[in-house]
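Position 152 of the sequence shown, counted from 1, bears residue number 152 in full-length UniProt numbering, the numbering being contiguous throughout. All C-beta atoms, glycine included, are put in the ideal place defined by N, C-alpha and C. If you're wondering where the values come from, they're calculated on a predicted model, not measured in any experiment. Notes follow once the structure below has been shown.
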Amino acid sequence: MEDGNSLLKFQSLLTDPKQSLSSWKSELKCSNWTGITCENITNRVVSVNLSGLNLSGLVHPSLCNLKFLEVLDVGCNMFHGVVPDQLMSVNGLRELVLKKNEGLGGFVPKLIGNFSDKLEKIDISFCSFQGDVPDSLFYLKSLKYIDLSNNLLSVINLANNSIIGGIPTCIASLHGLRELNVSYNELEYQVPPRLIFSEKLLVLDLSHNDFSGVLPSIIAETSEKSGLVLLDLSHNRFSGEIPIGITELKSLQGFLLSNNLLSGEIPARIGNLTYLQAIDLSYNLLSGPIPLNIVGCFQLLELKLSNNNLSGTIQPELDALDSLKILDVSNNKLSGEIPLTLAGCRSLEVVDLSSNNLAGELNEAILKWTNLRFLSLAHNNFNGALPNWLFSFEGIQFIDLSCNNFSGFIPEGNFNISSSFNNRKRTTYTDTDSPLHIRAVANVENRELRFEYYILSSVGIDLSGNFLSGEIPEGLFGLQGMEYLNLSYNSLVGQISTKLEKMRSLKTLDLSHNSLTGQIPANISGLQELLFLNLSYNCLSGFVPKNQRFWRFPGAFAGNPNLCVAFLGEGCQTAKYPVGTGDMFEERKGGLISVWSPATQ
């Protein structure tokens, strides 16, 4: 009768105008009580279903003594107060239904994640819960159904789950909602046009799902009064044009639509969003020019428009974006020269203009970007000599000028200026497809977007695929922090410096397809970090000593007729590796990479 006593205590504190619980008497078995189901053998209570009985009162902690309870449904009544934390100790609960009790609320218990893994259903809709939905809710691995609609909740974060299906329109009924994050799930279908939020919503993150169809033209009930700070719809399958209505979200600070199928032109009225700090429209099918009105976003820190079909020129007026830190318009169809006026963008740290039709010589606008950390002008038609100031940036980490028409000598420069080039460090860079990784962290605090980014690229220089001549500057060798050096496909002469042994961080070295002479420095074998080596198709002579680490790189010495390779026990033979051009290099997003990887044992 232990369970019965707990239920009677709960009943004693209820108001029951219809006498719905009149069968709850100590002289009767619990299994005969209204709304109670007991297990046949043990007679322990497994279900309490009091839905729609017009009851009022508190959800009393005595219910927590029902240790074998699997279903608790007190929905559609007039319960009030808060849900006791002790309820979280009922480890066998499968269903918890508290819906349509308008007086029941408070904060969602932070210990809700302590429920057993058996919990499959939570329905607290049409109540008065408020505040954030605790992260612990999403530790419930068996959860299949959750309804939080029509409450006073301010934050719903369902990121990184395996939620499937569409997005329910009832979420918009949470009029106190400030943040909705359902990113990194398996949601699909179109976003319902009726999904219109109140002006209190600050963050809407639907990224990394499988949503399709056109973008919602209306997101907030009143666009002009909307407080939306971050809109992230990236990594889906949205198509069609960017709706003009989005440019009415005056408070917007983060506008992230990358990796979709969006087409048409970038709305000219985007300049109306004067609070924008981050625009990422990369990896879409957008066409037309970069709108001149974008300079109205004068607080912009990040502008990423890469991998589209944008055309026209880089307009001189972009110098108005003097707070801009990241400019990435790579993989488009832009033409013309780098405007001298871009010297006004003094805050630039990351500039990627690669894979366009840009031309002309490098001008001193670049020199004014004193905070520069990453520069890629690869796969364009730039020409002329490399300027003497090219390596004079203190914070520079990676320079990629590959596949252009540069000629003349590699400037001596002061390679010791860059701390990255000279200090050994362990980088987290692992992806050879792209030398640049940017992560933006958006935290809404006091209605402001805190924008951060991290460069996870290797440390290096890529001047491959040009018409450079002369000797390799001595200063390029011996840089302890250098991880990547590619000077292939030029007309360089002279010898490989013995200072190479000091490049202890070097992982990739490609000097192939030049006219280098002399012997391969024996101390190159001491480069313990070296993963890729290619010295093929030069005029190197002498021999490659046996028992050296060179043998980890088959084919790295091909095309050097006067170079002898000492096979173990077989004397010295001329290196005759039949290497075809197709095996020597491949086009990658980050530029021309011509390397040989270690042989597999």
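Cβ-based neighbour list, arginine 346, same chain, cut-off 8 Å, excluding 5 preceding and 5 following = Correct list, in chain order: Asp322, Lys368, Trp369, Thr370, Asn371.
Own chain residues within Cβ distance below 6 Å of glutamate 39, not counting five before or after | Val46
Neighbourhood of alanine 268 by C-beta, 7 Å cutoff - its chain only, sequence neighbours within 5 removed = Its chain contains Pro291, Asn293 as the residues whose beta carbon lies nearer than 7 Å to that of alanine 268, once the 5 sequence neighbours on both sides are disregarded; these appear in chain order.
Counting along the chain, where does the beta strand (DSSP E) carrying phenylalanine 467 start and finish?
-> 467–471
Glycine 245 and serine 217: beta carbons closer than 8 Å?
-> yes
What are the boundary residues of the beta strand (DSSP E) that glutamine 315 is part of?
-> Here glutamine 315 belongs to no beta strand (DSSP E), and DSSP marks it neither H nor E.
Where DSSP assigns a beta bridge to leucine 180, which residues make up the other side?
-> Leucine 180 pairs with Ile156, Leu204.
Buried or exposed (CB count within 10 angstroms, at least 16 for buried), asparagine 5 | exposed
Leucine 14, buried or exposed, once every other Cβ within 10 Å from all chains shown has been counted against 16 = buried
Identity of the residues DSSP links to valine 108 by a beta bridge = Answer by DSSP bridge pairing: none, since valine 108 is not bridged.
Decide if glycine 360 is buried, meaning its Cβ has at least 16 other Cβ atoms within 10 Å, or exposed.
-> exposed
Under 8 Å Cβ to Cβ from proline 521, same chain only, skipping five residues before and after it: list those, please.
-> Counting only residues of its own chain and dropping the five nearest sequence neighbours on each side, proline 521 has a CB closer than 8 Å to the CB of Ile496, Ser497, Thr498, Leu500, Glu501.
Under three-state DSSP, which class holds lysine 499?
-> Correct three-state label for lysine 499: helix.
If we call anything under 8 Å between Cβ atoms a contact, is phenylalanine 197 one with glycine 213?
-> no
Going by CA-CA distance only, name the one from Glu241, Ser226, Ser263 that's closest to glutamate 248.
-> Ser226
Have a look at phenylalanine 382 and leucine 509 and give me their C-alpha separation to the nearest angstrom.
-> As the crow flies, the alpha-carbon of phenylalanine 382 is around 24 Å from that of leucine 509.
Where glycine 271 and isoleucine 396 are concerned, what is the direct C-alpha to C-alpha distance, given to the nearest angstrom?
-> 31 Å
Sequence-distant residues of its chain with Cβ nearer than 8 Å to glutamine 11 (five each side left out) = Leu21, Trp24
Same chain only: Cβ atoms within 7 Å of leucine 300, ignoring 5 sequence neighbours per side = Leu276, Gln277, Ile279, Leu321, Ser323, Leu324
DSSP state of methionine 88, grouped into three classes?
-> helix
Residues bridged to arginine 44 (per DSSP) | Arginine 44 pairs with nothing; no bridge assigned.
Can you tell me the Cα-Cα spacing of asparagine 91 and valine 71, whole angstroms?
-> So the two alpha carbons sit approximately 11 Å from each other.
Residue nearest to arginine 552 in terms of C-alpha spacing, selected from Glu471, Leu533, Phe477 | Leu533
What's the gap between the Cα of leucine 358 and the Cα of glycine 312?
-> Leucine 358 and glycine 312 have their alpha carbons spaced roughly 10 Å apart.
Per DSSP, what kind of secondary structure is threonine 34 in: helix, strand or coil?
-> coil
Taking the C-alpha atoms as reference points, what is the distance between asparagine 151 and leucine 310?
-> 45 Å
Alpha carbon to alpha carbon, how far is isoleucine 399 from alanine 365? Give it in angstroms, no decimals.
-> When the Cα atoms are used, alanine 365 and isoleucine 399 turn out to be separated by approximately 16 Å.
Mind checking which residues open and close the alpha helix (DSSP H) that includes glycine 526?
-> From DSSP, glycine 526 is part of no alpha helix (DSSP H); its letter is neither H nor E.
Residues near phenylalanine 406 by beta carbon distance below 8 Å, same chain, minus five either side = Closer than 8 Å at Cβ, skipping near neighbours: Phe382, Asn383, Gly384, Ala385, Leu386, Leu463, Asn466, Phe467, Leu468.
Sequence-distant residues of its chain with Cβ nearer than 6 Å to isoleucine 524 (five each side left out) | Close CB contacts of isoleucine 524 within its chain, under the 6 Å cut and outside five residues either way in sequence, are with Leu500 (chain order).
Assuming valine 108 and valine 133 form a contact by the criterion Cβ under 8 Å, report the distance between their Cβ atoms to the nearest whole angstrom.
-> 6 Å
Lysine 304 classed as buried or exposed, judged by whether at least 16 other C-beta atoms fall within 10 angstroms | buried
For leucine 285, count neighbouring C-beta atoms within 10 Å of its own C-beta (all shown protein chains included) and say buried if the count is 16 or more, exposed if not.
-> Answer is exposed; the Cβ neighbour count stays below 16.
Exposure of glutamate 302, with buried meaning 16 or more beta-carbon neighbours within 10 Å | buried
Report the residue from Ile41, Pro411, Asp123, Ser128 whose alpha carbon sits nearest the alpha carbon of glycine 81.
-> Ser128
Excluding the 5 residues preceding and the 5 following serine 419 in the sequence, name in chain order all residues of the same chain whose CB lies nearer than 8 Å to its CB.
-> Glu394, Gly395, Gly481
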